[in-house]
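In the numbering used here, the protein residues as written are 42 to 460. Ideal Cβ positions, reconstructed from N, Cα and C, are used throughout, including at glycine. Presented below is the structure to which this report refers.
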């Protein structure tokens, strides 16, 4: 039965219930759920505790918010978790489509619908980069205009990636920090910013080690582990809690890899997803693992750089902003889709080589029109250069009504039968 009231409270309660179940039944796995359970309780209580919430796009760097004692809430993450609630994201998508075009991204529509339905109060602050998502770029300024008490800031991201671009984005981040100071009434503590960025660097280093281990055959983790870990980086980068999590993730992955064991049982097929991965029902990945021995590698979710590694106690403000600016361009999806099509193709070829893919899956999220423009080109390059077959499927990452689970399974039955 649907719980009335704040959607954020519902998500927090569900996450806490999951954490408590794990603590009772599988205490050795509690490290995987403790951090998020505490976080969503904090998010749900932010209004009553007086903490500032910033709704952000998944391609935004969270370090700037943690450094200012602002809680970043990734809109796409909330949408993903809403898929697991009784009403799912579809309820709020339907509400939103009364007010906005149906071709906007379902993640944005979930946020719009939840606000319109009175299921969640508007955030204090909303921040997103101009790349790579046209839907977000269209949506958030309109929300800010609709809700007069919402403060909005957009990071302008250039088309190309070079030193000139990084310096330009650094200037945008400087303006953002001033904006956050004005809205919170707090001055930036440079020492805290340094520590936050150093925390992020350490966590990324541990995660990088873990990502490297997942290239082994067999893969030592499950498909959903890799999908969900990227979401944690988008929220918690900069916090000491993420360091603890990343260490444990590396250690447990290494134990399995050292024994040359698989995270899914017997691995028979390795699928690299080159674009979106459906999150409306995670049982789909367990079905692939069980029925076909197929591990799903979420290519876009793999954050395999650490551009903050050189930040130390002596780093000045300009150096820190320059490093964060470069990270903006390496965030998943911005990395592939934030510039010329070569960025996407080169990344796809590289990830399929490194993971020794048997096949590639292009999960074409219906709202991402920019990616569909080169889907066939990527498919041809993969086959011509690597001999890897590819399946192009149209779906909505968050809304099962576009391509439901049975339809998705049928497409994979046909495709995997060829392999």
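Name the two residues that bound the continuous alpha helix (DSSP H) containing residue i.
i           : result
residue 382 : 382-395
residue 413 : 410-413
residue 76  : 75-85
residue 345 : Looking at the DSSP string, residue 345 is not in any alpha helix (DSSP H), and its letter there is neither H nor E.
residue 212 : 204-225
residue 101 : Neither: residue 101 is in no alpha helix (DSSP H) and is coded neither H nor E.
residue 151 : 147-157
residue 417 : 416-422
Secondary structure at residue i, three-state DSSP: helix, strand or coil?
i           : result
residue 58  : helix
residue 287 : helix
residue 452 : helix
residue 189 : coil
residue 162 : coil
residue 281 : helix
residue 109 : coil
residue 141 : coil
residue 304 : coil
residue 134 : helix
residue 251 : helix
residue 228 : coil
residue 369 : helix
residue 299 : helix
residue 275 : helix
residue 378 : helix
residue 428 : coil
residue 363 : helix
residue 398 : coil
How about residue i: is its C-beta nearer than 9 Å to some C-beta of chain D?
i           : result
residue 257 : This model lacks chain D altogether; it includes just one protein chain.
Excluding the 5 residues preceding and the 5 following residue i in the sequence, name in chain order all residues of the same chain whose CB lies nearer than 8 Å to its CB.
i           : result
residue 385 : 377, 378, 412, 415, 419
residue 242 : 347, 349, 350, 352
residue 45  : Since pLDDT at residue 45 reaches only 47, below the 50 mark, its modelled position is unreliable, and no value is offered.
Per the DSSP calculation, residue i is bridged to which residue(s)?
i           : result
residue 335 : 310
residue 96  : 114, 167
residue 433 : 403
residue 268 : Residue 268 pairs with nothing; no bridge assigned.
Residues in the same chain with beta-carbon distance under 6 Å from residue i, minus the five sequence neighbours each way, listed in chain order, please.
i           : result
residue 43  : Since pLDDT at residue 43 reaches only 41, below the 50 mark, its modelled position is unreliable, and the value read off the structure follows with that caveat. So the qualifying residues of the chain are 127, 128.
residue 323 : 265
residue 444 : 436
residue 370 : 202
residue 96  : 114, 116, 164, 167
residue 388 : 377
residue 176 : 145, 146, 149, 408
residue 275 : 99, 115
At what residues does the beta strand (DSSP E) containing residue i begin and finish?
i           : result
residue 195 : 192-196
Could you check if residue i is buried or exposed, using at least 16 other CB atoms within 10 Å of its CB as the buried criterion?
i           : result
residue 109 : buried
residue 363 : buried
residue 294 : buried
residue 139 : exposed
residue 239 : buried
residue 458 : exposed
residue 213 : buried
residue 245 : buried
residue 70  : exposed
Would you say residue i touches the ligand PLP, meaning its beta carbon is less than 8 Å from a heavy atom?
i           : result
residue 128 : No copy of the ligand PLP appears in this structure; indeed no ligand is present at all.
Spatial neighbours of residue i within its chain, please: C-beta separation below 7 Å, excluding the five flanking residues on both sides.
i           : result
residue 200 : 380
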